[in-house]
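Chemist: The structure's right below; bear with me while I get my questions together.
Numbering (the working numbering), first residue to last: 816 to 1165.
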């Protein structure tokens, strides 16, 4: 077995790749636990209630519902989850999922890859917009973006206001904490209007963590999505927003071309929605919902890392699992990312 590294969900204790042996095909073992450590530290930790954003068992129930056909037909769509091969429960409550090991075509994505995967997400959301579950199961998330915004933005503002001197020195070349507090506070004070606009968007079943690391290109017309721990009913545009902004926050998108990638993801997403039969009157609202979801999810929270840079252990987690590079190497990109998201948020706030 080979341990896998990278950024994992709040309830994930470990992920391992198991090589094929004795007639057993290679597969992935993913251990979910109500006792996990929430390595990314965003949000209030591990959820034990199905209504929580970080409900620890949601992914287990998603895979079982998918395998049982309870979430509708997926075979003809361009996006699917890996196959569930087995579930094992441990005495301490942890659950191990045995999942199909999916090989990806390429490690590095081009602009075309982002556009085409966005189209697959649009087709997925669009099909489920037209035929949503009649009665979403208890384990499925609802209002995920609202929960995330309300949980992370105040914490981000507080962290920026109370930065110790060591952290202020470490981020001095990357951002002005006072200006960052002002921007984040403006977002927070606009929350009623922003969330009212979100509530006006149609909802569909979404993945809700569709960043580059959770999306595997297996062919030009097929994408496999992993890590379904947030999945639920959410505003149209949220999956496209996460594909762009969360990938950008991990510095996986060229920071000098953020505007180009933003537009390509939106273009592909609209094409996927259109292919699923979403009517023009709905498509007309998608660009605004897309930017709104970026603002709510990452307009302030992209600065979650600021309070961690002065702590060697927390910084090491960021460097290994989030940026895949040292902080010094990440800093120039973080400046450009912050400037881009600040400008986009100003447009959303009007």
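Note that the Cβ used here is the ideal one computed from N, Cα and C, for glycine as well.
For clarity, every value in this text was computed on a predicted model and none was experimentally measured.
1) For residue 956 and residue 1045, which I take to be in contact (beta-carbon distance under 8 Å), what is that distance rounded to the nearest angstrom?
2) Would you tell me roughly how many angstroms separate the C-alpha atoms of residue 1059 and residue 1103, rounded to the nearest one?
3) Between 983, 1165, 959 and 913, which lies nearest to residue 901 when the distance is taken from Cα to Cα?
4) Tell me the DSSP secondary structure of residue 836 in three-state form.
5) Within a Cβ cutoff of 7 Å, which residues of the same chain sit near residue 1163, ignoring the five residues on either side of it in sequence?
6) Going by beta-carbon coordinates alone, are residue 1188 and residue 944 separated by less than 8 Å?
7) Taking its Cβ as the centre, do 16 or more other Cβ atoms sit within 10 Å of residue 1145, making it buried, or is it exposed?
8) Cα-Cα, which of 1098, 968 and 925 is closest to residue 1027?
9) Span of the beta strand (DSSP E) holding residue 842?
10) Grab me the residues of residue 975's own chain with a C-beta within less than 6 Å of its C-beta, minus the 5 sequence neighbours each way, in chain order.
11) Can you list, in chain order, the stretches of the alpha helix (DSSP H) that have 4 or more residues and sit fully within the stretch 1033-1072?
12) Can you name the start and end residues of the alpha helix (DSSP H) that residue 1160 belongs to?
13) Can you pull the DSSP bridge partners for residue 956?
14) Among 894, 940, 938 and 983, which one has its Cα closest to the Cα of residue 1125?
15) Counting along the chain, where does the beta strand (DSSP E) carrying residue 1023 start and finish?
16) Mind checking which residues open and close the alpha helix (DSSP H) that includes residue 937?
17) Whole-angstrom Cβ separation of residue 878 and residue 899, contact assumed at under 8 Å?
18) To the nearest angstrom, how far is it from the Cα of residue 817 to the Cα of residue 1097?
19) Can you look up residue 998 in the DSSP assignment and give me helix, strand or coil?
20) Run through DSSP, which three-state label would residue 885 get?
21) Please go through the same chain and pick out, in chain order, the residues whose beta-carbon is closer than 6 Å to the beta-carbon of residue 1170, but skip the five residues on each side of it.
22) What's the C-alpha gap between residue 919 and residue 1033?
23) Take residue 874 as the anchor and find which of 939, 827, 923 and 842 has the nearest alpha-carbon.
24) Express the C-alpha separation of residue 844 and residue 910 in angstroms, rounding to a whole number.
25) Pick helix, strand or coil for residue 1128, following the three-state DSSP scheme.
26) Take the Cβ of residue 973 as the centre, count every other Cβ of all protein chains shown within 10 Å, and call the residue buried at 16 or more, exposed below.
27) Might you give, ordered along the chain, the residues of its own chain that have their beta carbon closer than 8 Å to the beta carbon of residue 1130, omitting 5 neighbours on each side?
28) Can you give the Cα-Cα distance for residue 1003 and residue 841, rounded to whole angstroms?
29) For residue 868, is the classification buried or exposed, using 16 other Cβ atoms within 10 angstroms of its Cβ as the cut-off for buried?
30) Would you mind sorting residue 1062 into buried or exposed? The rule is 16 or more other CB atoms within 10 Å of its CB.
31) Is residue 905 helix, strand or coil when you go by DSSP?
32) Got a sec? Which residues, its chain only, sit under 7 Å from residue 971 by beta carbon, not counting five neighbours each side?
33) Return the residue from the list 1065, 1085 and 942 that minimises the CA-CA distance to residue 1147.
Modeler: So, from the listed chains and residues:
1) Confirmed, about 6 Å.
2) One C-alpha to the other measures close to 15 Å.
3) Comparing alpha-carbon positions, the option among 983, 1165, 959 and 913 lying closest to residue 901 turns out to be 913.
4) Assigned with DSSP and collapsed to three states, residue 836 falls in strand.
5) Contacts found: 1106, 1107 and 1110.
6) The structure shown does not extend to residue 1188, since the chain spans only 816 to 1165, so no value can be given for it.
7) Under the 10 Å beta carbon count, residue 1145 is surrounded by 16 or more other beta carbons and is classified as buried.
8) Relative to the Cα of residue 1027, the nearest Cα in the group 1098, 968 and 925 belongs to 925.
9) Element bounds for residue 842: 842-847.
10) Around residue 975: 992, 995 and 996.
11) Qualifying alpha helix (DSSP H) stretches, in chain order: 1053-1064.
12) Where residue 1160 is concerned, the enclosing alpha helix (DSSP H) stretches over 1142-1164.
13) Residue 956 is bridged by DSSP to 1047.
14) Per the Cα distances, 983.
15) First-last for residue 1023: undefined, no H or E at that position.
16) From DSSP, the alpha helix (DSSP H) with residue 937 extends over 926-945.
17) In this structure residue 878 is in contact with residue 899, their Cβ atoms being roughly 4 Å apart against a cut-off of 8 Å.
18) The alpha-carbon atoms of residue 817 and residue 1097 are separated by roughly 46 Å.
19) In the three-state reduction of the DSSP assignment, residue 998 falls in the helix class.
20) Secondary structure of residue 885 (DSSP, three-state): coil.
21) Absent from the model: residue 1170. The displayed extent of the chain is 816 to 1165, so no value can be given.
22) Taking the straight line from one Cα to the other gives about 5 Å.
23) Checked all of 939, 827, 923 and 842; the closest Cα to residue 874 is 827.
24) It is roughly 10 Å from the alpha-carbon of residue 910 to the alpha-carbon of residue 844.
25) Residue 1128 falls in the helix class under three-state DSSP.
26) By the neighbour-count rule (16 or more Cβ atoms within 10 Å), residue 973 is not buried but exposed.
27) Short of 8 Å from the beta carbon of residue 1130, and not among the five residues preceding or following it, lie these beta carbons of its own chain, in chain order: 1123, 1124 and 1142.
28) Taking the Cα positions, residue 1003 is about 47 Å away from residue 841.
29) Residue 868 comes out buried.
30) The Cβ neighbour count for residue 1062, taken over all protein chains shown within 10 Å, is at least 16; the residue is labelled buried.
31) The three-state secondary structure of residue 905, taken from DSSP, is coil.
32) Beyond the five residues adjoining it in sequence on each side, residue 971 comes within less than 7 Å, by CB distance, of 999, 1115, 1116, 1118 and 1119 in the same chain, given in chain order.
33) Checked all of 1065, 1085 and 942; the closest Cα to residue 1147 is 1065.
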